[in-house]
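Trainee: To convert, take the position in the sequence shown, counting from 1, and add 230; that gives our numbering. One structure, as structure tokens, below. Some questions next.
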Amino acid sequence: MTLGDQLSDRVKQVPPSGIRKFFELAEEVDDVISLGVGEPDFSAPWAARTAAIDSLERGKTSYTSNRGMRELREAISERVTRYGQEYDPEDEIIVTTGASEAVDLAFRAFVDPGDVVAIPQPSYISYTPGAIFAGGEPLPVPTRAEDEFTLTPEALEAAGADEADVLVLCYPNNPTGAVMSDDELADVASFVRDHDLVVLSDEIYSDLRYEDDHASIATHPGMRERTIVFNGFSKAYAMTGLRLGYAMGPAGAIDAMNKVHQYAMLSAPTTAQYAALEALRSCDDSVDEMRREYDRRRRFVLARFEEMGLDCFEAKGAFYVFPEAPDGDDEAFAEGLLEEQNVALVPGSVFGEGGEGHLRVSYATGMRELREAMDRIEAYVSD
Numbered sequence: 231m232t233l234g235d236q237l238s239d240r241v242k243q244v245p246p247s248g249i250r251k252f253f254e255l256a257e258e259v260d261d262v263i264s265l266g267v268g269e270p271d272f273s274a275p276w277a278a279r280t281a282a283i284d285s286l287e288r289g290k291t292s293y294t295s296n297r298g299m300r301e302l303r304e305a306i307s308e309r310v311t312r313y314g315q316e317y318d319p320e321d322e323i324i325v326t327t328g329a330s331e332a333v334d335l336a337f338r339a340f341v342d343p344g345d346v347v348a349i350p351q352p353s354y355i356s357y358t359p360g361a362i363f364a365g366g367e368p369l370p371v372p373t374r375a376e377d378e379f380t381l382t383p384e385a386l387e388a389a390g391a392d393e394a395d396v397l398v399l400c401y402p403n404n405p406t407g408a409v410m411s412d413d414e415l416a417d418v419a420s421f422v423r424d425h426d427l428v429v430l431s432d433e434i435y436s437d438l439r440y441e442d443d444h445a446s447i448a449t450h451p452g453m454r455e456r457t458i459v460f461n462g463f464s465k466a467y468a469m470t471g472l473r474l475g476y477a478m479g480p481a482g483a484i485d486a487m488n489k490v491h492q493y494a495m496l497s498a499p500t501t502a503q504y505a506a507l508e509a510l511r512s513c514d515d516s517v518d519e520m521r522r523e524y525d526r527r528r529r530f531v532l533a534r535f536e537e538m539g540l541d542c543f544e545a546k547g548a549f550y551v552f553p554e555a556p557d558g559d560d561e562a563f564a565e566g567l568l569e570e571q572n573v574a575l576v577p578g579s580v581f582g583e584g585g586e587g588h589l590r591v592s593y594a595t596g597m598r599e600l601r602e603a604m605d606r607i608e609a610y611v612s613d
């Protein structure tokens with residue numbers, strides 16, 4: 231008997247990442263333009279990098295508090311007031327190794343074996359495996375292009391989410407770029423209260439909205455006490471490789487997450503925490519500049535798809551658009567485009583129910599590459 235024969239049932243349930251499988255194909259092709267990676271093409275702001283370097287030069291290489299540096303938690307607490315969120319840095323915020331760790335901590339802290347986890351789809355690919363690894367039973371809640379991929383009480387009801395224990399949210403959304411208004415969130419909040427759900431709200435793209443201010447379900451009546459909010463520095467601050475995120479919620483909930491965190495991770499990377507502290511203190515101008523550039527790219531890509539005749543709703547957040555694939559076969563389109571035009575997109579079906587027949591297109595790349603990629607896509611569509 232080998233170790234391969236001893237894999238846990240939970241691990242066996244989870245297939246390899248569909249994104250990774252597709253990009254292994256792309257790696258075999260020369261001259262590829264990738265519009266599939268969900269990572270900023272910018273570097274972290276210089277002031278944040280300088281703070282990281284300075285912390286190393288001063289020998290700040292020890293563990294921090296399990297919950298993260300007090301100064302950083304205070305800065306996070308102050309920052310999120312712009313979204314109407316109020317959390318005590320003492321016991322309602324925890325700093326984690328990326329927002330991904332925060333999500334995993336929440337699954338392990340609040341999901342018991344057999345608990346039903348409602349996951350609106352299409353959605354970020356880690357939520358379903360995270361629920362399974364915690365022993366939960368994922369419940370897909372398909373959202374529709376006709377609703378611009380917003381979540382509605384009707385969709386929740388139709389999927390059977392009234393019997394769920396936990397609801398995962400991600401707005402602005404990966405992969406669709408969809409956002410939800412405060413009024414739309416209020417309707418979901420009413421459903422959540424009526425059916426006594428716990429909410430895990432991934433708001434990592436909160437600073438990347440292009441028309442309206444970010445809205446959080448946690449600010450609605452009766453929601454703060456049943457919601458964990460995730461955020462971090464990877465997307466808006468272009469600090470993906472520094473692996474720093476955070477979670478906010480009621481003190482007892484953060485205590486539970488910290489219990490898992492202190493055994494699994496101990497503390498988030500110290501150098502990254504110094505970079506994040508400086509980012510919050512002095513890098514708003516850099517974030518604004520990146521957001522303006524993303525918006526310029528967003529409008530360019532949407533306009534080109536309209537010219538090509540590819541149906542695509544107006545994504546208003548994150549750095550993705552989600553056009554419909556011609557003939558509805560997203561995998562065939564993505565593979566053909568890669569083979570014939572050397573452009574890599576991600577098939578929407580990778581992101582679950584509701585994603586079939588669509589393509590995730592990231593505009594987190596330079597305009598020169600975007601223009602060339604759009605020309606190649608147009609040539610492929612026109613054949």
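Glycine included, every Cβ here is placed at the ideal spot set by N, Cα and C. Everything numeric in this text was worked out from a predicted model, so none of it was measured.
By the 10 Å Cβ neighbour count, where 16 or more other Cβ atoms means buried, how is Met410 classified, buried or exposed?
Mentor: Counted from its first residue, the sequence shown places residue 410 at position 180. Result: buried.
Trainee: Compute the distance between the beta-carbons of Tyr467 and Pro275, then report whether it is under 8 Å.
Mentor: Translated into positions along the sequence shown, residue 467 becomes position 237. Translated into positions along the sequence shown, residue 275 becomes position 45. Yes, they are a contact pair.
Trainee: Which same chain residues, not among the five before or five after Thr457, have their C-beta less than 7 Å away from its C-beta?
Mentor: Start at 1 with the first residue of the sequence shown, and residue 457 comes out as number 227. So the qualifying residues of the chain are Val429, Ser431, Ile447, Ala448 and Gly479.
Trainee: Return the Cβ separation of Gln351 and Gly585 in integer angstroms, given the expectation that the two are a contact with Cβ distance under 8 Å.
Mentor: What you label residue 351 is simply residue 121 of the sequence shown in a count that begins at 1. What you label residue 585 is simply residue 355 of the sequence shown in a count that begins at 1. Rounded, the Cβ-Cβ distance is 6 Å, consistent with contact.
Trainee: Within 8 Å (strictly less), CB to CB, does Gly390 reach chain D?
Mentor: This model lacks chain D altogether, as it is built from one protein chain only.
Trainee: Excluding sequence positions up to five away, which residues of its chain have a Cβ less than 8 Å from the Cβ of Thr470?
Mentor: Position 240 of the sequence shown holds residue 470. These residues qualify, in order along the chain: Glu269, Pro270 and Ser464.
Trainee: According to DSSP, which residues form a beta bridge with Val325?
Mentor: Sequence index remark: in the sequence shown, residue 325 carries index 95 (1-based). DSSP lists Tyr476 as partners of Val325.
Trainee: Please name the residue in Asp442, Ala408, Ser579 and Glu508 whose C-alpha comes closest to that of Glu313.
Mentor: The residue you call residue 313 lines up with position 83 of the sequence shown. The question names Glu, yet the displayed sequence has Tyr at residue 313. With distances taken between Cα atoms, Tyr313 lies closest to Asp442.
Trainee: DSSP state of Val517, grouped into three classes?
Mentor: Taking the sequence shown and counting its residues from 1, the one referred to as residue 517 is at position 287. Of the three classes helix, strand and coil, the one that applies to Val517 here is helix, per DSSP.
Trainee: Would you identify the three-state DSSP class for Thr457, choosing helix, strand or coil?
Mentor: In the sequence shown, residue 457 corresponds to position 227, counting from 1. Of the three classes helix, strand and coil, the one that applies to Thr457 here is strand, per DSSP.
Trainee: Please determine if the stretch 379-390 and the stretch 510-527 are in contact, where contact requires at least 3 C-beta pairs separated by less than 8 Å.
Mentor: Not touching, per the Cβ criterion.
Trainee: Gly328 and Gly462 - do their beta-carbons sit closer together than 8 Å?
Mentor: Locating residue 462 in the sequence shown gives position 232, where the first residue counts as 1. Locating residue 328 in the sequence shown gives position 98, where the first residue counts as 1. Against a cut-off of 8 Å, the Cβ pair of Gly328 and Gly462 comes out as a contact.
Trainee: CA-CA distance, Ile434 and Glu565?
Mentor: Indexing the sequence shown from 1 puts residue 434 at position 204. Indexing the sequence shown from 1 puts residue 565 at position 335. Whole-angstrom Cα-Cα distance: 30 Å.
Trainee: Would you mind giving the Cβ-Cβ distance between Tyr550 and Val591, rounded to the nearest angstrom? I have them listed as a contact below 8 Å.
Mentor: The residue labelled residue 550 in the question sits at position 320 within the sequence shown. The residue labelled residue 591 in the question sits at position 361 within the sequence shown. Right, their Cβ atoms sit about 7 Å apart.
Trainee: Kindly list the residues whose CB is nearer than 6 Å to the CB of Met604, restricted to its own chain and excluding five residues on each side of it in sequence; keep chain order.
Mentor: Residue numbering aside, residue 604 sits at position 374 when the sequence shown is read from its first letter. Closer than 6 Å at Cβ, skipping near neighbours: Arg534.
Trainee: If contacts are defined as beta-carbon pairs under 8 Å, then Asn572 and Ile263 qualify, I think. What distance do you get, rounded to the angstrom?
Mentor: Residue 572 sits at position 342 when you count from the first residue of the sequence shown. Residue 263 sits at position 33 when you count from the first residue of the sequence shown. Yes, Asn572 and Ile263 are in contact; Cβ-Cβ is about 7 Å, under 8 Å.
Trainee: Please classify Pro245: is it buried, with 16 or more other beta-carbons within 10 angstroms of its beta-carbon, or exposed?
Mentor: Taking the sequence shown and counting its residues from 1, one reaches residue 245 at position 15. With fewer than 16 other Cβ atoms within 10 Å, it is exposed.
Trainee: Let me make sure I understand the geometry here. Which of Met495, Thr326 and Arg303 has the alpha-carbon closest to that of Glu320?
Mentor: If you number the sequence shown from 1, residue 320 lands on position 90. Comparing Cα positions, the closest option is Arg303.
Trainee: Would the beta-carbon of Leu415 fall within 8 Å of that of His450?
Mentor: On the sequence shown, residue 415 is found 185 positions in, with the first residue counted as 1. On the sequence shown, residue 450 is found 220 positions in, with the first residue counted as 1. Result yes, Cβ atoms of Leu415 and His450 sit closer than 8 Å.
Trainee: Please go through the same chain and pick out, in chain order, the residues whose beta-carbon is closer than 6 Å to the beta-carbon of Thr595, but skip the five residues on each side of it.
Mentor: Here residue 595 refers to the residue found at position 365 when the sequence shown is read from its first residue. For Thr595, where only same-chain residues beyond five positions count, the Cβ hits under 6 Å are Asp271.
Trainee: To test your reading of the DSSP string, which unbroken alpha helix (DSSP H) runs of 4 or more residues are found completely within the stretch 301-377?
Mentor: Complete alpha helix (DSSP H) runs here, min 4: 328-340 and 357-363.
Trainee: Report the CB separation of Val180 from Leu335 in whole angstroms; it is logged as a contact under 8 Å.
Mentor: In the structure displayed, the chain extends from 231 to 613; residue 180 sits before or after that span and is not available.
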